[in-house]
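For what it's worth, the numbering used here labels the leading residue of the sequence shown as 460, then goes sequentially.
Just so it is clear, CB atoms sit at the ideal spot from N, CA and C, and this is done for glycine as well.
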Amino acid sequence: MDMRQSKEEAKRIGELARAHRFKEFSDAEIAKVIDAANYHTVPDGWAIIAEHTPADKAYLILSGTVSIRRGGEEIAQAGAGDIVGEMALVDHKLRSATVIALTPLEVLNFTSEIVDELSDEIPHFREAITTASEERHH
460 MDMRQSKEEA
470 KRIGELARAH
480 RFKEFSDAEI
490 AKVIDAANYH
500 TVPDGWAIIA
510 EHTPADKAYL
520 ILSGTVSIRR
530 GGEEIAQAGA
540 GDIVGEMALV
550 DHKLRSATVI
560 ALTPLEVLNF
570 TSEIVDELSD
580 EIPHFREAIT
590 TASEERHH
């Protein structure tokens, strides 16, 4: 988390995270996830992931909507509570799609190292990440 975030802002971010993918997490687990992740705001029109590039981060969308595009064609949209970028981290492959903000976004990003650390410390964190990947494969 950005150290400039107030306690109130950290609480709000935690509530957004808990409302979706991490709803089963304890307060301590949510705090650990938020502390390990990086919080960002992203303007609409920006690409947070580029197709055919190495995977370095996964993103939990806290608010906003993204377009997921393969070869320039939209194949899906994702929004609050969705995780994007995890497939390449989980599969250790190049990015299979570009992800572009359709609206302003609030996201938490996780490096592969942070995903591994949190997965070791919070077993259901890995489940949340792999479930997101499996959902998108179907």
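Cβ shell of residue i (< 7 Å), same chain only, five flanking positions each side left out
i      : result
Ala587 : Arg480, Phe481
Glu474 : none
Leu519 : Ala476, Arg480, Ile542, Val566, Leu567
Ala557 : In the sequence on display, residue 557 carries Thr and not Ala. The answer, listed in chain order, is Ala506, Ile508, Ala509, Glu510, Arg528.
Asp486 : none
Proximity of residue i and residue j at Cβ, strictly below 8 Å
i      : j      : result
Ile573 : Ala495 : yes
Ala517 : Arg554 : no
Val525 : Ala537 : yes
Glu483 : His551 : no
Nearest-angstrom beta carbon gap, residue j and residue i [assumed within contact, 8 Å]
i      : j      : result
Thr599 : Asp503 : Look at the range of the chain in this structure, 460 to 597, and you will see that residue 599 is not part of it.
Close Cβ partners of residue i (< 8 Å) along its chain, the five nearest in sequence each way excluded
i      : result
Lys491 : Leu577, Glu580, Ile581
Glu624 : With the chain covering only 460 through 597, there is no way to say anything about residue 624.
Other residues of its chain near residue i: CB distance less than 6 Å, five sequence neighbours each side excluded
i      : result
Asp461 : Note that Asp461 scores 44 on pLDDT, short of 50, meaning its location in the model is unreliable; the coordinates nonetheless yield the value given after this. Correct list, in chain order: Tyr498.
Ser571 : Leu548
Glu565 : Thr500, Leu521, Ser522
Glu468 : none
Glu488 : Ile581
Arg585 : Ser578
Residue(s) in a DSSP beta bridge with residue i
i      : result
Thr524 : Gly538
Ala517 : Phe569
Ala506 : Ile559
Val501 : Leu564
Glu533 : Arg528
Fully enclosed by the region 541-590, which alpha helix (DSSP H) runs are 4 residues long or longer?
545-550, 571-580
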